[in-house]
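Novice: In my numbering, the protein residues as written are -3 to 612. The beta carbon of each residue, even a glycine, is placed where N, CA and C say it ideally should be. It should be emphasised that the depicted structure is a prediction, and the values quoted were computed from it without experimental measurement.
#1: Taking the alpha helix (DSSP H) that residue 413 falls in, what are its first and last residues?
#2: Flag this pair as yes or no: are the beta carbons of residue 500 and residue 482 separated by less than 7 Å?
#3: Who are the near neighbours of residue 362 in its chain, counting only those whose CB is closer than 6 Å to its CB and skipping five residues on each side?
#4: Could you check the C-alpha separation between residue 194 and residue 269 for me, to the nearest Å?
#5: Output needed for residue 617: all residues of its chain with C-beta closer than 6 Å, excluding positions within five of it in sequence on either side, in chain order.
#6: Taking Cβ to Cβ, would you say residue 344 is nearer than 7 Å to residue 286?
#7: Apart from the five residues just before and just after residue 588, which ones in its own chain have a Cβ nearer than 6 Å to its Cβ?
#8: By the three-class DSSP mapping on this structure, what secondary structure does residue 455 have?
#9: Taking the alpha-carbon positions, what's the residue 179 to residue 260 distance?
#10: Counting only runs of 3+ residues fully inside the segment 310 to 344, write out the beta strand (DSSP E) ranges in chain order.
#11: At which residues does the alpha helix (DSSP H) containing residue 164 begin and terminate?
#12: Within 10 Å of its beta-carbon, does residue 250 have 16 or more other beta-carbons around it, so buried, or fewer, so exposed?
#13: Closer than 6 Å to a non-hydrogen atom of the ligand GTP - does that hold for the CB of residue 537?
#14: Going by DSSP, what residue range makes up the beta strand (DSSP E) through residue 435?
#15: Given a threshold of 16 other Cβ atoms within 10 Å of its Cβ, counted over all protein chains shown, does residue 70 qualify as buried or as exposed?
#16: DSSP state of residue 100, grouped into three classes?
#17: Hey, residue 304 and residue 284 are a contact pair by Cβ (cut 8 Å); roughly how many whole angstroms apart?
#18: How many angstroms separate the CA atom of residue 162 from the CA atom of residue 139?
#19: When we look at the beta-carbon of residue 435 and count the other beta-carbons within 10 Å, is it buried (16 or more) or exposed?
#20: Which residues mark the beginning and the end of the alpha helix (DSSP H) in which residue 213 is found?
#21: Relative to the alpha-carbon of residue 155, which residue among 134, 135, 123 has its alpha-carbon at the smallest distance?
#22: Using the three-state DSSP reduction, which class does residue 231 fall into: helix, strand or coil?
#23: What residue from 90, 183, 214, 82 has the CA that sits closest to residue 428's CA?
#24: Can you look up residue 494 in the DSSP assignment and give me helix, strand or coil?
#25: Run through the DSSP bridge pairs and tell me what residue 583 is partnered with.
#26: What residue range does the beta strand (DSSP E) around residue 253 cover?
#27: Across which residues does DSSP place residue 466 in a beta bridge pair?
#28: Does the contact criterion of 3 or more C-beta pairs under 8 Å hold for the segment 92 to 108 versus the segment 181 to 191?
#29: Using the three-state DSSP reduction, which class does residue 351 fall into: helix, strand or coil?
#30: By DSSP's criteria, residue 618 is part of a beta bridge. Which residues make up the other side?
#31: Tell me which residues share the same chain as residue 569 and place their Cβ nearer than 6 Å to its Cβ, disregarding the 5 neighbours each side in the sequence.
#32: Anyone know if the C-beta pair for residue 129 and residue 192 falls short of 7 Å?
#33: Under a three-way DSSP split, which group does residue 175 fall into?
#34: When we look at the beta-carbon of residue 149 and count the other beta-carbons within 10 Å, is it buried (16 or more) or exposed?
#35: Given a threshold of 16 other Cβ atoms within 10 Å of its Cβ, counted over all protein chains shown, does residue 402 qualify as buried or as exposed?
#36: Tell me which residues share the same chain as residue 528 and place their Cβ nearer than 7 Å to its Cβ, disregarding the 5 neighbours each side in the sequence.
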């Protein structure tokens, strides 16, 4: 049956994979374990003599194709990819923020002028020069521009008070609502009048209304925005950032006079958001070799210990795989720097016919430790730098005739193991408004031969250097009418293990093809989509989503897939109900001819669905 299916497509494949198996057995011979060699040699020879098509599939990483140059680099699919390998999340426009007067309903509180003797008010004087002390916001030259009309002519003390109000207004107009200028008690000598700038500061920040969240989480972040001199604009931006924080439902403040002169007390009232959530996901974004229909549940607590630390636990299942992942994030400074640890583990069995009879199993896992630090953070813009230490491992097993662990992927060792240790340096930039979002991410990955990583002489291993760049642009043309453009690119300096290769094909890349139809060392992919509302209901909208996708991939130091460019177009429907339910259905039409089984899956027919529900 298998030989009929392969039907003369490539007469050299048998020799190609026979040579590959022979090479693996020669590597096994170096271990000196005669019993293992004898057992595996007999079992594999039996497969080669009876069903060489099976070996073709095994050595090509469990994919149905006739291109060994591409498939030899693949292995059994990994259910849970590490965060460093995932695409950018879909951007969201800036939500509507409360008006400034609601966040900070405060009138200017400039310093009070010391009492003046009434007799002094009537006196006249000629000022030759004004001397400023205590000013840091404005230079002496900036302040002196307002004093020119008062120089070298007879003026009264009332004129000086008028000048003082003009100088104070300069502070208030720039947002320094608790700062100003006073005329201190003095004896005028040589026509020099001293003007003192009193720049306000906060004496204390009082936080009320928190339940589980530690008040210092809010206090420390506001302290950054309330440095001396106190700026209304800077404080308002800090309050808006807290309002955008998922842990905060609402925040309001009241600025009161402090005990000491030129100081204030900031009273902050907070209402916490619900930090616990669950998410249920159904889609067909998994490789058909292990079952494309995927079920996932994710449980998240965003404020586990009251520190703003988050714990997320997820379980993913298909008909042939089970995956588990956990993530813990801990804020390490009030500028939203975070330390993030993630772990994932997957056990996969190939269930796609006719290859399920071989009883192929893959076990994979990853560990990642990330430090992420925003360098620029405003309500509209963020620029972040980060570094990730990553370790991935995968091992494949052949249950047919009890062969056991066996190298199916290019670069695997004699026990079918591939391991990648890498340091990844990333940069993220986002700019958003209520109408538009621009997001970009760049990541440099340096593979290292440490922690038991795969090291080979000729084949790909853990030592590599690659760059991945991603960009998104979302524009709202009218209510619920959006244009979305996305691009993703990877460049590598050498051959890569399958764990690091660039995947093209599927609902999140090029629709109309099966998941990861292409896996190559380098690649570029782009998507254009428009969303048009066709039905509106209370708190919900149904959108019509025509799209076009394109992706191309190529390898280093070897042949490329014959059809290495995939183009697809199609239409879809997107239903969003409130903030807790999203359903999507896409029909992608492939414009590039590729080989596939006669028994096509939904993916290979260009049909994709996704349902995401957040009950609480």
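Specialist: Inspection of the coordinates gives the following:
#1: Within the chain shown, the letter at position 417 stands for residue 413. Segment 413 to 428 is the beta strand (DSSP E) holding residue 413; no alpha helix (DSSP H) there.
#2: On the chain shown, position 504 is the one that residue 500 refers to. On the chain shown, position 486 is the one that residue 482 refers to. Contact: no.
#3: The residue given as residue 362 occupies position 366 in the chain shown. Within the same chain, 78, 340, 388 come within 6 Å of residue 362 by CB-CB distance, once the 5 residues on both sides are set aside.
#4: As a first step, residue 194 must be located in the chain shown, where it is residue number 198. As a first step, residue 269 must be located in the chain shown, where it is residue number 273. When the Cα atoms are used, residue 194 and residue 269 turn out to be separated by approximately 39 Å.
#5: Since the first residue of the chain shown is -3 and the last is 612, residue 617 is not available in this structure.
#6: Taking the first residue of the chain shown as position 1, residue 344 is located at position 348. Taking the first residue of the chain shown as position 1, residue 286 is located at position 290. Residue 344 places its beta carbon less than 7 Å from that of residue 286.
#7: Residue numbering aside, residue 588 sits at position 592 when the chain shown is read from its first letter. Within its own chain, the residues whose Cβ lies closer than 6 Å to the Cβ of residue 588, once the five positions on either side in sequence are excluded, are 559, 562, 563, listed in chain order.
#8: On the chain shown, residue 455 is found 459 positions in, with the first residue counted as 1. Judged by DSSP in its simplified three-state form, residue 455 adopts coil rather than helix or strand.
#9: Stepping through the chain shown from its first residue, residue 179 is reached at position 183. Stepping through the chain shown from its first residue, residue 260 is reached at position 264. Rounded to the nearest angstrom, the two C-alpha atoms are 21 Å apart.
#10: Segments of the beta strand (DSSP E) lying fully in the segment 310 to 344: 317 to 327.
#11: Within the chain shown, numbered from 1, the residue matching residue 164 stands at position 168. Start and end: 153 to 169.
#12: Within the chain shown, numbered from 1, the residue matching residue 250 stands at position 254. Burial state of residue 250 is exposed, judged by a 10 Å Cβ sphere holding fewer than 16 other Cβ atoms.
#13: You won't find the ligand GTP in this model; it holds no ligand whatsoever.
#14: Within the chain shown, the letter at position 439 stands for residue 435. Its beta strand (DSSP E) spans residues 432 to 444.
#15: Position 74 of the chain shown, counting from 1, holds the residue named residue 70. Unreliable placement is indicated for residue 70, whose pLDDT of 37 sits below 50; the coordinate value is still reported in the next sentence. Note on residue 70: 16 or more other CB atoms within 10 angstroms of its CB, so buried under the neighbour-count rule.
#16: Numbered from 1 along the chain shown, position 104 holds the residue referred to as residue 100. Secondary structure of residue 100 (DSSP, three-state): coil.
#17: Start at 1 with the first residue of the chain shown, and residue 304 comes out as number 308. Start at 1 with the first residue of the chain shown, and residue 284 comes out as number 288. Residue 284 and residue 304 do not touch by the CB rule: their CB atoms are close to 41 Å apart, not below 8 Å.
#18: On the chain shown, residue 162 is found 166 positions in, with the first residue counted as 1. On the chain shown, residue 139 is found 143 positions in, with the first residue counted as 1. Taken atom to atom, the span from the alpha-carbon of residue 162 to that of residue 139 is near 10 Å.
#19: Within the chain shown, the letter at position 439 stands for residue 435. Result: buried.
#20: Locating residue 213 in the chain shown gives position 217, where the first residue counts as 1. Where residue 213 is concerned, the enclosing alpha helix (DSSP H) stretches over 211 to 221.
#21: Translated into the one-based positions of the chain shown, residue 155 becomes position 159. Considering only alpha carbons, the answer is 123.
#22: As a first step, residue 231 must be located in the chain shown, where it is residue number 235. Helix, per DSSP.
#23: The residue labelled residue 428 in the question sits at position 432 within the chain shown. Residue 90 is the option with its Cα nearest to residue 428.
#24: By 1-based counting over the chain shown, the position of residue 494 is 498. Of the three classes helix, strand and coil, the one that applies to residue 494 here is helix, per DSSP.
#25: In the chain shown, residue 583 corresponds to position 587, counting from 1. Answer is 567, 603, bridged to residue 583.
#26: The residue labelled residue 253 in the question sits at position 257 within the chain shown. Run containing residue 253: 244 to 253, per the beta strand (DSSP E) assignment.
#27: As a first step, residue 466 must be located in the chain shown, where it is residue number 470. The partner list for residue 466 (beta bridge, DSSP) reads 437, 484.
#28: Counting C-beta pairs with one atom in each stretch, the segment 92 to 108 and the segment 181 to 191 have fewer than three that are closer than 8 Å, which means they do not touch.
#29: Within the chain shown, residue 351 is the residue found at index 355, counting from 1. Correct three-state label for residue 351: helix.
#30: Nothing in the structure corresponds to residue 618, since the chain is present only between -3 and 612.
#31: In the chain shown, the residue the question calls residue 569 occupies position 573. So the qualifying residues of the chain are 581.
#32: Here residue 129 is taken as the residue at index 133 of the chain shown, counted from 1. Here residue 192 is taken as the residue at index 196 of the chain shown, counted from 1. For the 7 Å CB-CB criterion, residue 129 and residue 192 form a contact.
#33: Here residue 175 is taken as the residue at index 179 of the chain shown, counted from 1. In the three-state reduction of the DSSP assignment, residue 175 falls in the coil class, being assigned neither a helical nor a strand state.
#34: Indexing the chain shown from 1 puts residue 149 at position 153. By the neighbour-count rule (16 or more Cβ atoms within 10 Å), residue 149 is not buried but exposed.
#35: Counting from 1 along the chain shown, the entry for residue 402 is found at position 406. By the neighbour-count rule (16 or more Cβ atoms within 10 Å), residue 402 is buried.
#36: As a position in the chain shown, residue 528 is number 532, starting the count at 1. The beta carbon of residue 528 lies closer than 7 Å to those of 477, 539, 540 in the same chain, with the five residues before and after it left out.
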